[in-house]
Structure formats: structure tokens, C-alpha cells
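Numbering (my numbering), first residue to last: 397 to 1115. Each residue gets a CB set at the ideal place from its N, CA and C atoms; glycine is no exception.
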Amino acid sequence: MKETSTDGTQYRGIIDSISAPAYLLDSSWNIAYTNRESLPQPDVSLESYRGGYVMDLIAQIAADDESHATFRQAIETVYEQDAPGDFPFEVTLDIDTSNGTTTRQYRCSPCELTAGTGVIVVSEPVTDPKSQELARYEGLCETLPVAVWISSPEAQGQFEFVNEAAVDMFNADSKEELKAHSRQGLYANTDEQVELGEQIVADGAVTEYETVLLTLDEEAIWGSVTAELTEIDGDDQIVGIIENVTDRKQKERALQEERAFIDGIVDGLPDIFYTFDTEWSLIEYNEKASAVTGYDHQELESMAPWDFFPDTEQEMIRNAVKQMTKSEEQIDSLEAHLQTKAGDEIPYEFSMAPFYDANGTVVGFTGVARDITDRKQQERELEEKRERLQVLFDTAPDPIFVTDADGKFTKVNEKATAKLGYSEEELLEMEVADIDAEIDRSDAREFHSMVKEKGEPMELEGRHQCADGSSYPVKVRFTLLETDGQDLFLSHARDVTQQKESKQKLRRQNERLEKFASVISHDLRNPIGLAEGYVDIAEESGDPDDFQTIRKALGRMDTMIEELLTMAGADTVVEDREPIELVVLAHEAWRMAQTEDATLEMMIDSQARITGDRDLLLNVFENLFRNAVDHNEPPLTVRVGTLDDGRSGFYIEDDGDGIPEDAREEIFDHGHTTSDDGTGLGLYIVKELVTAHGWEISATGGHDGGARFEIETERQDKD
């Protein structure tokens, strides 16, 4: 090779294109350039490898001093040429590698560089002429898209060669990994592989033998194995080709399963299967057709489709069949009566679809007929049940709602609209949280989820808000409805106002009985005991003061009895009410309360009214008036007025000494009194009577420092 350029750049392309280790040496024997094949390790950079003295490299890789000296002599010979030549100078060296000592051939050619003569060195392995045929064989196999392996009969199933297609087929990371596995390990049935190997040796070949193989990650695949015993480089070798036929086998199996499935359906079908050609002759049917209709095979094959139906439905069947043939669209559900040979008419549902020949021409239609007698009966029963339930739903005495999982109403009955005051259209735009102030949307969803999870009805107490702003307590029973694809809930809401009032009334009655028992067992015994003791004293002494003490004790008992009778006569919840003029009520109570040393001032409109039980409210006013007079020195002014700040109700206050702030709550307790003559029942009775009206009473300070009692009512009526 004759080079005339004075620059070594042109040699770099040549060196990069060489598939073997190649070096460009400058005139000082340094490595001016090298290719990637010359690197001892992939992670070594070319830049760090270049510039080194070539003999240092040879010293590292030469197997012995003789090889080192032989290479030096070869380089010197090339450099000593008077002019660069185009012949290579070849020298064979023993080189140490990680796999042991190997023999490589170094071809050295001179080249012309700017700074003098250079040398191009190319290193290639020394090949055995006998292995060249095998190498060509392997090279050819690498070009094939199917898996190829080569193994000798004596190799006990070990691979000597595999191509990249085999690596991919068996999910190996490399050829070395695949070659580390024996052929037996790649067969699902190892005995089958042994027999296959014996057959190859005995017959010299095996063709397209299909079997189940295993990849290295144990995935089962179908392979078609073709193998032949052949001679390569004078030695017997087994060359095997494996084609992955998994997709084909799966399709074949699916087709077989589908055919078996269809055959099984037709043979064991509880329905009638039928096929008609375009001449309307019955060409295929199952035994069910004969069993149901009562016709024998000869009769069936002579009948047209419409011959199986009563006269009233034959025209419908003719039109349906002709329309299907014309449009080539299948009929999914056609209900008609199948008429038997005996004349019985059985409700059936028919499905039909056209079928085609290889050219896409309609050659007939096939279908299935199903007896729907039971379904029709169930539909009738369901419809009757639905009608009965609808009547119950509409005429139920309580509101009934159907809601979805989010609490939105999907159906309501007439009682719900009447009770809440909304129209049906309005309620269907609302949800549970819109009519129940005690829950929000998340609460409704959570409770519905609990009902579904529990699988049985659950109850919840709430308070329904009506369209007019009023409300009432309810107890709602939730039940999960069985529906297709959607969670719906039936809620039955019962107004428990009366129950709650009865419970409250019973509780207050029990409390009152306890108070009666306390007064009778304790409070009345004190004056009775006092009177009994002073009777004996008065009989002996005749002292008027002793008799006066007895009279006071008897008077105290009389007062207690009157107050107990007042309590006993008052219901725990006042139901009978009437409008009462507040001014008239106050004046009447003032006259009856023995308030000669006090003055009454009315701070209210003469038309102001309250609604309640007149007799009980007279007792309230009398008690509060007497309380003011009994606990203050004259002169005393008592005022009656209505509450301000938007509150409904009235007040009674005086300008006396007032009530200590820390005692304003306990004064209403049973038995509380600050007077020796007091019974401890007056203000307790006042609170009971006010509470029975559904009102509230509280004690506070008056405008002039005295005591003030405020009674807040739910409502104040005025003309």
C-alpha cells in the first residue's frame, strides 16, 4: 500500500473501519491513534489509551519474552524500509488473555506521516482452517429470523452455538447464558427431548416436531423443531431450527374450543336451535325442536319458518324474515307464540341472524328460540306486585322516599309532598340534606354506605324541615333496594312528635310524682309535727300564742296543699290554649294576689295577647306577684311588659331588693325558699307551668335594681 499524504488524519478512518484491534504508530513508536476494538475493557477511554509506547502495551499482553522480542524485531524491520511499502509484514505472537494464552497474528504496514514514517498494526486471531466452515455456518445462522442451535451428538444436550434469534426466543440476556442451559432444560417434558435426540441420531433428522418449550424465566411457548445430523469441518453436528408457533397453536386451540363449545351448546341446548336456507327449508335443528313442536324429522324438514306460528302471527314472521334477509341485520328479540302439532301455543323469544358463504353471499339464516312461559308469568306477577306496591307507596300514611347513594331523591309518595309542603317536582330536585337540618351531604352518603355494608335496614333520627319553615322530629328507616347497577335506598319517615311529647310528658310526670312524694313525706311532716306538739302545750297552758303557732302550721299545710293541687291539675304539656289579653290577665291576677301595699304598672299595649291556658297562667302571675310582695318592704312597684330585642314574651319585675346573681338559677328548684313561712314550691310551680306551655323562664335584675322574671314564648299573637 503506497501512501503519499503527509498527514496521518486519513488513516484514522481506515483504523475506525477495521473490525479488529488496529493501531497507528508514529515515528517514535508511540500509539498516535487506535480504534475501540483495541480497548482491553469497554469503560477505558480512547484518549487515555492513545499516546502510550507500543512496546509497553506488548510487554503487558505478550505471553513470554520471546513474543515481546519478536514483535520488536518486526516493528524495527518495518521502520527500516527505505520507503513505505504496501505489503504487510506479518508476525505471530502468543498473547495472554483472561481466558488463557491465545495466538494472534499482527500485520504491520509502513505509512507516511508528516513527522516521518509511521506504522499501521492490525491484530487478528489465528484461525484453524478446519473451523472456518463452522464459522461460515454460524455466520449464516445469525442471519436467520428463527432460533438456530448447533450441538454435537456427544455434547449431552449442551449447545455449542446459538444465534441471536434463539436468545430472544428463550428470553436470555446473552448467548452465554443460553448456552449454559442444556436442551433438556428448555423442554417442558425432558423425557420427550431425550427421545427426540435419539430419533435425530437414529434417523438423521426430525421435521417440524411441535412441542412445549420453556423460556429461561419458565414461560411456556410452543415450538416447531426441525433438526438434522450433518457434517461440519469433518465432524458430526446436530443443527436445530426452532420456530415459535405459540400464536398459531393458541389460535388453533381457540378455534377448537370454540367449535367444541358451539357443538356442546347445540347438542345440549335447552332452547330450539334452527337453520333455514334461502329457499326457507329447515336444514339444521336440534332434538329440542322435534321434542317441543311434536313434529318428526320428515315433517320438520318440509316446513317453512312461518308454518310454526298461529295464523294471527304468520304475517309478522314473514315480514321479519324478509326484512332480515333484505337488510342483512340480525333480529335480537322477537316474541311470538310457537304453535305445536297438537295446536298448543307457547310464548317464545326468537333471535335470528343471516349467515354467508365464502363469497359473502347470504345463504340462509340461523337462530335460537327460547321458551319464555316462566318469564311471562314472572312479568305478570311482577307487574301485579308493582301495581300493589305502587298503591301502598301512594297511600302509605307516612312519607316514603327513594334516594340514590348521594342522598338525592328519585321518587317520593303523595304523603311526602303533603307533609313537607313541597310539590313532587320540587322534591325530586332536592336531597336528604335539604329537608333534614341535622345532617349534611357527607353524612347522608356515609349513612347510605353503612346501610349497604351492613346489608340490613337501619334507623336514624332527624328533624324534617317543611316548606313553610316549620319542622317536626322524625325516625327514618333506611332499606337498600335491589336494583341493577345502581344503589337506591327506600326511606320511611315517621313523625315522632307525639312520641317525643309523650316521652317528655311521662318524664315530667315522673319528676312531679317524685316532688309530690318529697313534699308529702318531708315538707308536710314538719308543720304536722309542729301542730301536734303545740296542741299538747296549748291544752296545758291555754296561751293564745301557742294556739297561734298551731294556726300558722295549719295555714302552712293549707298553702302547700293548694300548691300541690295546682301542680296536680296542670298537664305536663299544655294542649288546650286560647288567646288571652295580657293586660286583663295581669290585672285579674293582681287583684287575687293580696298586694295592697304595692303598685302595678303596665308597660304594654292593651291589645297585646298571649296564647295559653288561662287558669295556669293566672297562677303564674299570682305567684310572681306574691313573691315580689313577700320578699320586699313597701312601698313597692311591680311592672309587666313585653320583651324587646326581637324576642317574643313578657316580663314581670319590681323595684325591690332583687335576687343575688349567684341564686338566680336555684330559686326555681323544688324546696328553695328564703322565708321561714315559705313552702319552696311557689317558683318551682311557676317554672313547671311555664315549661308546660313550651316556654322558658329566667331570673335577672330589674331596671331599678329589683328582681325581673322574663318568660320567652315561641310566638306572640297580636290582633
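The alpha helix (DSSP H) enclosing residue 998, as first and last residue numbers: Taken as a continuous stretch (DSSP letters only), residue 998 belongs to no alpha helix (DSSP H), being part of the beta strand (DSSP E) at 994–999.
Assign residue 735 to buried or exposed, taking buried as 16 or more other Cβ atoms, counted over all protein chains shown, within 10 Å of its Cβ. buried
Classify residue 902 as buried or exposed, calling it buried when 16 or more other Cβ atoms lie within 10 Å of its own Cβ. exposed
In angstroms with no decimal places, state the Cα-to-Cα distance between residue 412 and residue 500. 20 Å
Could I get the ranges of all uninterrupted beta strand (DSSP E) runs contained in the segment 806–868, with 3 residues as the minimum, in chain order? 854–861
Spell out a yes or no on whether the segment 971–987 and the segment 1016–1027 are touching, meaning 3 or more CB-CB pairs, one atom from each, closer than 8 Å. yes
Closest by C-alpha distance to residue 518, when choosing among 747, 433, 452 and 709: 433
Is it buried or exposed for residue 1035, if we count other Cβ within 10 angstroms and need 16 for buried? buried
Give the DSSP-derived three-state secondary structure of residue 691 in the structure shown. coil
For the beta strand (DSSP E) holding residue 430, just list the boundary residues, first then last. 427–430
Please return the same chain residues whose Cβ sits closer than 8 Å to the Cβ of residue 990, not counting the five positions on each side in sequence. 1022 and 1025
Among residues of its own chain, excluding the 5 on either side of residue 977, which ones have a beta-carbon nearer than 6 Å to its beta-carbon? 1005
Where does residue 737 sit, in a helix, a strand or coil, going by DSSP? coil
Reduced DSSP secondary structure (H/G/I, E/B, other) of residue 401: Here residue 401 scores only 41 on pLDDT, less than 50, and its place in the model should not be relied on; the value that follows carries that caveat. In the structure shown, residue 401 sits in coil (DSSP, three-state: anything other than H, G, I, E or B).
What's the C-alpha gap between residue 509 and residue 422? 7 Å
Which residue from 543, 886, 515 and 947 puts its Cα closest to that of residue 798? 886
Is residue 626 helix, strand or coil by DSSP? strand
Between the segment 797–817 and the segment 766–785, do at least 3 Cβ pairs fall closer than 8 Å? no
Using 7 Å as the threshold, is the C-beta distance between residue 1088 and residue 1060 below it? no
At 4 residues or longer, what runs of the alpha helix (DSSP H) sit wholly inside the segment 601–649? none
Is there contact between the segment 858–867 and the segment 837–850, where contact requires at least three CB pairs shorter than 8 Å? no
For residue 479, which residues of its own chain have a beta-carbon under 7 Å away from its beta-carbon, when the five flanking residues on both sides are left out? Bear in mind that the predicted position of residue 479 carries a pLDDT of just 48, short of 50, making it unreliable; the figure below should be weighed with that in mind. Nothing listed; no residue qualifies.
From this set, 690, 430, 451 and 449, which residue's C-alpha is nearest residue 441's C-alpha? 430
Can you tell me the Cβ-Cβ gap for residue 729 and residue 741, rounded? I've got them flagged as a contact below 8 Å. The pair is not a contact, with the Cβ atoms about 19 Å apart (cut-off 8 Å).
Could you please give the first and the last residue of the uninterrupted alpha helix (DSSP H) stretch that includes residue 593? 586–599
Output the distance between the C-alpha atoms of residue 877 and residue 827, rounded to the nearest integer angstrom. 17 Å
In the DSSP assignment, find the alpha helix (DSSP H) that holds residue 1013 and state where it starts and stops. 1010–1026
Let me know the secondary structure DSSP gives residue 1041 once reduced to three states. coil
Compare the Cα-Cα distances from residue 694 to each of 703, 709, 678 and 795 and report the closest residue. 678
Per DSSP, the bridge partner or partners of residue 543: 638
Own chain, CB closer than 6 Å to residue 386, minus 5 neighbours either side, in chain order: Residue numbering for the chain in the displayed model covers 397 to 1115; residue 386 lies beyond these limits and cannot be assessed.
Throw me the rounded Cβ distance for the residue 559 and residue 544 pair, which I believe falls under 8 Å. 5 Å
Tell me which same chain residues have a C-beta within less than 7 Å of the C-beta of residue 1116, skipping the five on either side of it? No statement about residue 1116 is possible, as the shown extent of the chain runs from 397 to 1115 and does not include it.
If you follow the beta strand (DSSP E) that residue 519 is part of, which residue opens it and which one closes it? 512–521
Tell me whether residue 1097 sits in a helix, a strand or coil according to DSSP, three-state version. strand
What does the Cβ neighbour count give for residue 1105, buried or exposed, with the cut at 16 atoms within 10 Å? buried
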